[in-house]
Amino acid sequence: MNYPINKPFLPNFAAYQAQLESIYQRNWLTNNGPCVQALEQQLTDYLGVEYLLLVSNGTVALQLAYAALGIQGAVLTTPFSFAATASTLCWEKLTPQFIDIDASTYNLDVSLITAEQAAKASAILGVHVFGNPCDVAAIDEFAKQNQLKVIYDAAHAFASPVGDKSALCFGDAATLSLHATKLFHSIEGGAIIFKDKATYLKAKQMVNFGFDAEQFPEYVGINAKMSEMHAAMGLCVLNEFEQVLTHRQTLVQEYQRLLSGVVQLQQWHADGMNNGAYMPVVLPSEMELQRVSAALLEQGIQTRRYFYPSLSQVPAYGQRGATPIANDISARIVCLPLYTDLTLDGVREICDALTTILAEGQR
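For our numbering, count along the sequence shown from 1 and bump the result up by 49.
So this is what it looks like as structure tokens:
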């Protein structure tokens with residue numbers, strides 16, 4: 050494969066090895082060790098947030114956010130997302146009510162929520178799709194008017210700003226995935242950012258079986274702790290992250306320059322900046338997507354359908370809500386290769402191949 054869809058970023062090996070040696074010397078492998086504490090503090094400072102909690106993965110982060118906030122019943126959410134967005138709701142015995150998306154940003158369109166849907170819901174679960182921030186102002190205003198909690202699945206939105214703030218500053222809670230394929234990672238891991246201290250402290254106990262300082266299970270909890278080895282990787286990645294971010298943003302800018310007018314590109318938040326997490330393109334039809342993807346693969350260029358199918362079309366999630374826009378975009382969207390080892394020349398080769406294949410289909 051000349052150009053895989055993704056490759057995890059590996060930081061300096063000697064730096065990671067030094068972290069592992071320190072962990073061995075301390076013999077403190079988990080249970081809120083020094084690496085976890087250091088990574089929580091460094092991420093809090095880097096992201097400009099206040100109440101950040103590391104957990105074992107991004108899926109558990111969502112489940113804990115719902116539980117800590119006391120979410121019940123129906124939750125208004127997007128069908129255009131990864132399976133975890135809906136499956137975590139179902140796992141927590143919540144009911145996903147799918148709201149269609151904006152055809153340009155691919156994010157949940159809050160203007161489509163009906164009064165009846167709002168009245169039956171307890172929360173809105175927005176997703177910053179591909180790192181593109183939702184219309185947080187509109188969602189927050191709607192939530193206030195209807196007394197709804199707001200959670201943002203920000204799995205893609207590390208280092209994604211809205212104005213002078215991180216996208217993670219919005220909502221009652223926001224969650225991150227720190228999986229190896231993400232822009233910033235700890236091999237496996239996740240994080241939750243809370244608006245208020247009380248909910249943060251509650252969640253912090255829930256991560257460790259619900260225990261309080263006297264080891265009494267005050268809340269129903271689980272084991273969602275991050276290990277020292279995973280946190281050590283996070284510290285090493287964070288140390289090199291600015292170079293990673295800048296390079297990936299440069300790659301995306303080159304993709305956009307070469308593909309503007311060739312394919313449909315995602316419209317970014319007016320007060321945001323693309324964080325270089327993904328490179329999605331929308332093709333004219335699903336048939337064309339399949340033809341183009343197959344032709345690119347023959348040239349060693351891997352693509353992936355994010356996100357297909359639309360979650361509102363999955364029987365396991367209840368198929369609640371008419372979402373024609375999400376269904377349409379889901380059928381026609383594909384992501385192109387994007388990773389730190391990719392070069393500008395590689396982007397140009399991929400774009401040349403894509404442009405040529407599209408032109409051949411028009412003959």
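C-beta: ideal position from N, C-alpha, C; glycine also.
**Item:** CA-to-CA distance, A240 to V104, given in whole angstroms
**Value:** 5 Å
**Request:** Have a look at Q91, Q194, T389 and N76 and flag the residue whose alpha-carbon is nearest the alpha-carbon of L300.
**Result:** T389
**Asked** Do the CB positions of A375 and P57 come within less than 7 Å of each other?
**Response** no
**Prompt:** Beta-carbon separation of T224 and D245 under 7 Å?
**Reply:** no
**Message:** According to DSSP, G175 sits in a beta bridge with which residue or residues?
**Reply:** Y201
**Request:** Run the CB neighbour count on A114, radius 10 Å, all protein chains shown included, and call it buried at 16 or more, exposed below.
**Result:** buried
**Range covered by the beta strand (DSSP E) that runs through P145** = T144 to F147
**Prompt:** Any contact of the segment 72-88 with the segment 189-202, i.e. 3+ C-beta pairs under 8 Å?
**Reply:** no
**Request:** Would you kindly check if the distance between the Cβ of G321 and the Cβ of M275 is under 7 Å?
**Result:** no
**Candidates I271, D221 and E70: closest to L118 by CA position** = D221
**Asked** For the segment 202-216 against the segment 155-162, are there 3 or more C-beta pairs whose distance is under 8 Å?
**Response** Too few Cβ pairs lie closer than 8 Å, so no.
**Request:** Spatial neighbours of A326 within its chain, please: CB distance less than 7 Å, with the 5 preceding and 5 following residues excluded, ordered by chain position.
**Result:** F179, G180, H205 and L232
**Request:** Please name the residue in A133, A168, H177 and E165 whose C-alpha comes closest to that of D151.
**Result:** H177
**Message:** Using DSSP's beta-bridge definition, name the partner residues of K214.
**Reply:** V211
**Request:** Can you check DSSP and say which residues form a bridge with R354?
**Result:** DSSP lists no bridge partner for R354.
**Request:** Within the same chain, show all residues whose beta-carbon is closer than 7 Å to that of P266, passing over the 5 residues directly before and after it, in chain order.
**Result:** F258, G259 and F260
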